[in-house]
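Residues in the sequence shown are numbered consecutively from 866, following my numbering.
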Amino acid sequence: MLGSSQVLDYIKENYTSYALTNPTLLAQLLEDELQMGEHRVLNEKNSNRFRNDFFTQSLEVGVRKVTKSINASAGVSFNPSMSRSINLMDEAKSIPTRWVWNVAPYARLRYKMSKSRSLQFNYRANTSQPSMNQLQPVADESNPLRIVIGNPNLKPSFTQRINLRFNDFNQEAQRSIMAMVNAQYTLNSIISKTSYNPETGGQITTYGNVNGVWNAFAMGMISVPLPNKSFYFSTHLNTRYSSNVGYNNDEYNRSGSFSVNVSPGLTFRSNIVELQLRPNYNLQTTHNSVNTRNDQTVHRYGGMFNGNVTLPFGLSLNTDLNYSASKGYSDGYDTEQWLWNAAISYEFLKSRQASVTVRVYDILGQKKNISRTSTASYIQDSEYNSLTRYGMLTFSYRFNSFGSQKDMPPGAKNYG
């Protein structure tokens, strides 16, 4: 077993001056090394010891105005932060103290045009610091084929977000309209940069800052009754575009992804029957500035029928049938499937407080799950398993905690 003086000599030889001048840290090192004793085997090449410090504050200053039709506010947020990373074994790998003064403006507006119509606007910006793992210039060689090295020259990223939303609901006409637009842009976005070695099959990953990362989303919805009031027409339309930047084996690549989805629907409602038919179509395209063979277009289409019958004596029948198909995925990943679910429910006891339901899912046993992930570095098609044909029996009882109407004070109402 090594003595205290030998351990102290070992610490002086292998640790930086920062560790030797910090009494608390030095005491901890002495305790750790004494416990290790003769069993200590240090691999200096693959060993690191850090002390990381991070400090941040937030100060927000703004103004606000509230009237009968306007609720608005605007201001700016100050977020100074400090970070440092001290390598206790090699000062050359330390990251000195870094102060970053983040300034992020914001603005919010809600304009009430009428009792049922409004317009909302939101703008918010924020800054994100790189993590210590992304900053530390130390190779993580725990997997020799997947080495990761930080970049101490990373800058904080600055993201701006805008949201605009319009709502209009006419209760008397049972008409509903909603439209929304979102956009986001990031300066100095932090990304992974990976290079491959064709001889060893290994890869080295580090981090860098890039510009050109943004996305935008727009969505609209309308629901209106037809003249006879028993039929309702509704439609949903949304579209998205995203731009990503990355490096494919050290080669700069800009990837763009566009998608549009439309889903009109027709609904019939009466006292005991509700029927709905809703087709849908989705288009997704992906293009790259390099390696254009990965550019692909995927079509997904199908439809849904839903029926519900509620009989006066407490019996309810429900069924939904979904058809979906896709074209454009990688070989073997295109699908075509029918998904059919059905349920029967019976309510009984006083006030129909109890109910029993039998529901069967995926009666045809065709359920499949396909997803696509698109980045500036790769496109990945995935298929994953899920629970297919199965049934479920449920019993529920609704408690009334307010008592009966006759037991309540005059003028009170029972909402149970």
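Each residue gets a CB set at the ideal place from its N, CA and C atoms; glycine is no exception. All values reported here derive from a predicted model rather than from experimental measurement.
Locate the beta strand (DSSP E) running through residue i, then write down its first and last residues.
| i | result |
| --- | --- |
| L1029 | S1022 to N1035 |
| N917 | F915 to T921 |
| N1103 | F1096 to N1113 |
| N952 | I935 to N952 |
| L974 | I960 to K977 |
| N1018 | Per DSSP, N1018 belongs to no beta strand (DSSP E) and is neither H nor E. |
| L1000 | Taken as a continuous stretch (DSSP letters only), L1000 belongs to no beta strand (DSSP E), being part of the alpha helix (DSSP H) at M997 to L1000. |
| L1180 | L1180 to K1192 |
| I1069 | Q1068 to V1075 |
| E1116 | E1116 to R1134 |
| Y1166 | Q1161 to T1175 |
| T1222 | A1219 to Y1226 |
| P1092 | No beta strand (DSSP E) holds P1092; DSSP gives it neither H nor E. |
| E1201 | E1201 to F1213 |
| K980 | It is not in any beta strand (DSSP E) - K980 carries neither H nor E in the DSSP assignment. |
| Q1049 | R1040 to L1052 |
| M1262 | Sequence check: residue 1262 is Tyr here, not Met. Note, Y1262: beta strand (DSSP E), Y1255 to Y1262. |
| G1230 | Taken as a continuous stretch (DSSP letters only), G1230 belongs to no beta strand (DSSP E), as it is neither H nor E. |
| G927 | L924 to V931 |
| V1003 | First-last for V1003: undefined, no H or E at that position. |
If residue i and residue j are in contact, beta carbons under 8 Å, what's the gap, nearest whole angstrom?
| i | j | result |
| --- | --- | --- |
| Y1112 | T1184 | About 51 Å separates the two Cβ atoms, so there is no contact after all. |
| F915 | S950 | 6 Å |
| F1023 | T992 | 5 Å |
| L1186 | W1205 | 5 Å |
| F1170 | L1142 | 5 Å |
| T1065 | I1014 | Not really, about 16 Å apart at Cβ, beyond 8 Å. |
| V1125 | N1145 | So it is not a contact: roughly 11 Å between Cβ atoms. |
| N952 | N913 | 6 Å |
| S948 | Q994 | 7 Å |
| G1073 | N1016 | 6 Å |
| I1012 | I1055 | At roughly 19 Å, the Cβ-Cβ gap does not stay under 8 Å, so I1012 and I1055 are not in contact. |
| G1067 | L1010 | 4 Å |
If I follow the unbroken alpha helix (DSSP H) through residue i, where does it start and stop?
| i | result |
| --- | --- |
| N1147 | That residue, N1147, is in no alpha helix (DSSP H); its beta strand (DSSP E) goes V1138 to N1153. |
Nearest by alpha-carbon distance to residue i: which of the options is it?
| i | options | result |
| --- | --- | --- |
| Q1036 | G1230, L1186, V1089 and L1131 | V1089 |
| V1225 | G1256, M1169 and Q1231 | G1256 |
| A957 | P1002, R989 and G940 | P1002 |
| T1100 | S1189, M1043 and E896 | M1043 |
| T1104 | Q893, Q1149 and S1057 | Q1149 |
| Q1218 | G1130, I1137, T1157 and F1264 | F1264 |
| Q1231 | A1190, G1015 and N1126 | A1190 |
| N1093 | R1011, Q1039, Y1166 and R1143 | Q1039 |
| Y988 | D955, M1169 and G940 | G940 |
| Q1025 | N1147, R1143 and T1051 | T1051 |
| V1163 | T1259, T1200, L1140 and K930 | T1200 |
| N1173 | A1207, N998 and G1197 | A1207 |
| I1209 | Q893, S1220, W1203 and K1215 | S1220 |
| V926 | A969, R1254 and G1168 | A969 |
| L1229 | T1222, K1215 and Q1202 | Q1202 |
| R1134 | L1091, S1007, G1167 and Y1211 | L1091 |
| V1110 | V928, N1136, V1075 and S1095 | V1075 |
| G1179 | D955, N952, S1057 and Y1211 | Y1211 |
| L984 | S996, I1087, S934 and N944 | S934 |
| F919 | S996, I1137 and K1215 | S996 |
| V1138 | R982, L1176 and A892 | L1176 |
| Q922 | N936, S942, T932 and V928 | S942 |
| F1213 | G1197, S1261 and Y1198 | S1261 |
| Y1061 | P1021, N1114, N1018 and F1096 | N1114 |
| N944 | M954, N1018, N967 and A937 | N967 |
| D1160 | P1129, K980, Y1194 and S938 | Y1194 |
| I1027 | Y1198, F986, F1096 and A937 | F986 |
| Y1117 | P1063, L1140 and T1157 | T1157 |
| L894 | N936, L924, S938 and M954 | M954 |
Do residue i and the ligand MN come close, with the Cβ less than 7 Å from some heavy atom?
| i | result |
| --- | --- |
| N917 | This structure lacks the ligand MN, and indeed carries no ligand of any kind. |
message: Between the segment 1080-1091 and the segment 1042-1057, can you find at least three pairs of beta-carbon atoms closer than 8 Å?
response: The segment 1042-1057 and the segment 1080-1091 touch, with no fewer than 3 CB-CB distances between them shorter than 8 Å.
query: Do three or more CB pairs link the segment 1113-1124 to the segment 1145-1154 at distances below 8 Å?
result: These segments touch.
Touching by the beta-carbon criterion (3+ pairs, under 8 Å), the segment 974-986 and the segment 959-966: No: fewer than three Cβ pairs fall under 8 Å.
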